[in-house]
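Step one of this worksheet: look at the structure below.
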Amino acid sequence: MRYYTKTEEWVLIKDGLAYVGLSEYAANELGDIVFVDLPRVGDRFKKEESFGAVESVKAASDLYMPISGEVYEVNELLEDNPELLNEDPLKNYIIVLTGIKEEELKDLILK
Amino acid sequence: MSENIPFWLKKTPLYETLKEAGGQFVEYAGFFMPVNFEKGIISEHQTTRNNVTFFDISHMGKIFITGNDATKFLNYVSTNNIEKTKDYGMQYQVICNPDGGVIDDLMAYKYSPDKILLICNAANTDTLYNYLLEESKSYEVEINNLDDSIAAIAVQGPNSEKALEKHFKLEDLKYMEFVDLNGFIVSRSGYTGEDGFEIYSSPDKIIKLVKDLLKEGVDPAGLGARDTLRFEAGLPLYGHEMADYISPVQAGMNFAIDFEKEHFVGKEALLKQKENLEEKVYGLELIDRGIARQGHEVFLDGKHIGFVTSGFMIPGTRNSYANALLQGKYKFGQEVEIEIRGKMIKAKVRRKKYL
Chain E
2 MRYYTKTEEW
12 VLIKDGLAYV
22 GLSEYAANEL
32 GDIVFVDLPR
42 VGDRFKKEES
52 FGAVESVKAA
62 SDLYMPISGE
72 VYEVNELLED
82 NPELLNEDPL
92 KNYIIVLTGI
102 KEEELKDLIL
112 K
Chain P
67 MSENIPFWLK
77 KTPLYETLKE
87 AGGQFVEYAG
97 FFMPVNFEKG
107 IISEHQTTRN
117 NVTFFDISHM
127 GKIFITGNDA
137 TKFLNYVSTN
147 NIEKTKDYGM
157 QYQVICNPDG
167 GVIDDLMAYK
177 YSPDKILLIC
187 NAANTDTLYN
197 YLLEESKSYE
207 VEINNLDDSI
217 AAIAVQGPNS
227 EKALEKHFKL
237 EDLKYMEFVD
247 LNGFIVSRSG
257 YTGEDGFEIY
267 SSPDKIIKLV
277 KDLLKEGVDP
287 AGLGARDTLR
297 FEAGLPLYGH
307 EMADYISPVQ
317 AGMNFAIDFE
327 KEHFVGKEAL
337 LKQKENLEEK
347 VYGLELIDRG
357 IARQGHEVFL
367 DGKHIGFVTS
377 GFMIPGTRNS
387 YANALLQGKY
397 KFGQEVEIEI
407 RGKMIKAKVR
417 RKKYL
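The listed protein sequences derive, respectively, from chains E and P.
Following the working numbering, the numbering of the first sequence begins with 2 at its first residue and continues without gaps.
Following the working numbering, the numbering of the second sequence begins with 67 at its first residue and continues without gaps.
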């Protein structure tokens, strides 16, 4: 089950890790995604803090943390293939977080 | 998709046709305009470069200057010299204020020395029209804002002449010239860096032409691709590379300034800048990954030297470029940094044509 933020990120908890991606709605609205500004592994961010951005040809759109955590993995495929976020935004996560607190999910939208 | 068009936005005569053709509409310069169609900006950009597309340009301002002093008046308010253009020729013009700041840049279509049509930026049409009315009081001219009575499209790309051959015979039309053809004004010109035509007529004639072009397989393109194409071709956009705070000299548009003219609005200020240029628009090539956008700050050795006016990753490539207004003089190859979301991204100075 995925939780969604108001800023159109999704988060999925699996084996104690949080997979974070972009909603289908946001991917469609942005159009052709041409660049993903990824954080570094080990970076820590608080809930609702900006951790990166996705950019279409026309504009940049900040990405916000659905919950606090430490970046455990970034999806490096997106560096060379940012269009994966248009093709399948639910399969292609952007980052994986560790050190999360699941109670922070409770104000998110469960879909 | 919201169908609620804000009441203050104007629609062009092509709205319904382009909506049906899959246009995604956004607010632009007081109009509700397609930013792209179903295939997207990347496809529209590439199709314009290697085949042909058409754009709705009905939002552009259309102002007629007529009368015995039309040439004299235009030469007074504009930096360029319309006398150097023959009848049925076109000339790019910049209208400056006395400080050299830009009120608008536009294309002049010269029918004759006493009849000149100005095609100007949609966002500036009212300002320019009022300015021309005010400045023309002591001249024997009439200024007419044609506004909504004319629709227009730009057909752009290496195959544009071919795409139009069923409708117009255009092989003899030269670049920057125009003709009157069965109720259409057709010029060989555009804003993409490709061969192409701009076509003006009554709304019903243009709607019919657009429907035919769609049937004949010509893809529509939107404002998004129009912006990336003009950027890649090194063409300035008002509000970005030229503005009330960026003069044509700073924008590198000296070819459009005739300093030989005895007088024109802004001449003294522009001449001063030309002799001692302190700020100029440069091209930048991003070395690190990223996309620079208007307003991003530029640094050299930690010192702030300017800001980005436009920036794109060229559609279909990973090449990321930006134009930036920089203080000081720089050689091509000079490394600078652009601050993007708190990170310093390396870039180097280059010419601002990316084709």
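Think of the CB as a built atom: it goes at the ideal place given N, C-alpha and C, for glycine as much as any other residue.
Fair warning: this is a prediction, and the values are worked out from it, not measured in the lab.
Contact check, residue i vs residue j, beta carbons under 7 Å
i	j	result
Ala136(P)	Val252(P)	no
Leu39(E)	Gly53(E)	yes
Val364(P)	Lys340(P)	no
Asn146(P)	Ala309(P)	no
Glu298(P)	Asn389(P)	no
Gly262(P)	Ser226(P)	yes
Gly106(P)	Gly32(E)	yes
Asn76(E)	Tyr94(E)	yes
Gly166(P)	Leu336(P)	yes
Thr258(P)	Phe378(P)	no
Bridge partner(s) assigned by DSSP for residue i
i	result
Arg45(E)	Glu71(E)
Pro100(P)	Phe91(P)
Arg416(P)	Gly349(P)
Trp1(E)	What the structure shows of chain E is the stretch from 2 to 112, and residue 1(E) is not part of that stretch, so it cannot be assessed.
Leu34(E)	The identity of residue 34(E) in the sequence shown is Ile, whereas the question assumes Leu. In DSSP, Ile34(E) forms a bridge with Ser57(E).
Lys240(P)	Note: Lys240(P) sits in no beta bridge, so no partner.
Ser253(P)	Phe244(P) and Glu264(P)
Ile272(P)	DSSP lists no partner for Ile272(P).
Gln393(P)	Glu345(P)
Leu64(E)	Gly53(E)
Tyr94(E)	For Tyr94(E), which the question treats as bridged, DSSP gives no partner whatsoever.
Residue-chain proximity (residue i, chain P), Cβ-Cβ < 7 Å
i	result
Val35(E)	yes
Gly32(E)	yes
Ala27(E)	no
Thr8(E)	no
Neighbour flag for residue i against chain E, beta carbons, 7 Å
i	result
Met379(P)	yes
Gly290(P)	yes
Met67(P)	Unreliable placement is indicated for Met67(P), whose pLDDT of 45 sits below 50; the coordinate value is still reported in the next sentence. Not closer than 7 Å to any Cβ of chain E, the Cβ of Met67(P) fails to qualify, so no.
Ile323(P)	no
Ile404(P)	no
Ile353(P)	no
Ile357(P)	yes
Any non-hydrogen atom of the ligand ADP within 6 Å of residue i CB
i	result
Tyr241(P)	The ligand ADP is not among the ligands present in this structure, which contains no ligands whatsoever.
Inset, instruction - Taking only beta carbons into account, state which residues of the stretch 46 to 58 of chain E come closer than 9 Å to chain P, listed in chain order. - result: Ser51, Gly53, Ala54, Glu56, Ser57 and Val58
Legend entry - alpha helix (DSSP H) runs wholly inside the stretch 120 to 182 of chain P, at least 4 long, in chain order: 136 to 143
Legend entry - Near-chain E residues of the stretch 292 to 312 of chain P - C-beta to any C-beta below 8 Å: Asp293 and Thr294
Legend entry - Positions along the stretch 94 to 128 of chain P whose CB lies within less than 9 Å of some CB in chain E: Val101, Asn102, Gly106, Ile107, Ile108, Ser109 and His111
Legend entry - Interface positions of the stretch 58 to 69 of chain E facing chain P (Cβ-Cβ less than 9 Å), listed along the chain: Val58, Lys59, Ala60, Ala61 and Asp63
Inset, instruction - Could you name the residues of the stretch 235 to 257 of chain P whose beta carbon sits closer than 8 Å to any beta carbon of chain E, in the order they occur along the chain? - result: none
Legend entry - alpha helix (DSSP H) runs contained entirely in the stretch 291 to 361 of chain P, provided each spans 4 or more residues: 333 to 341
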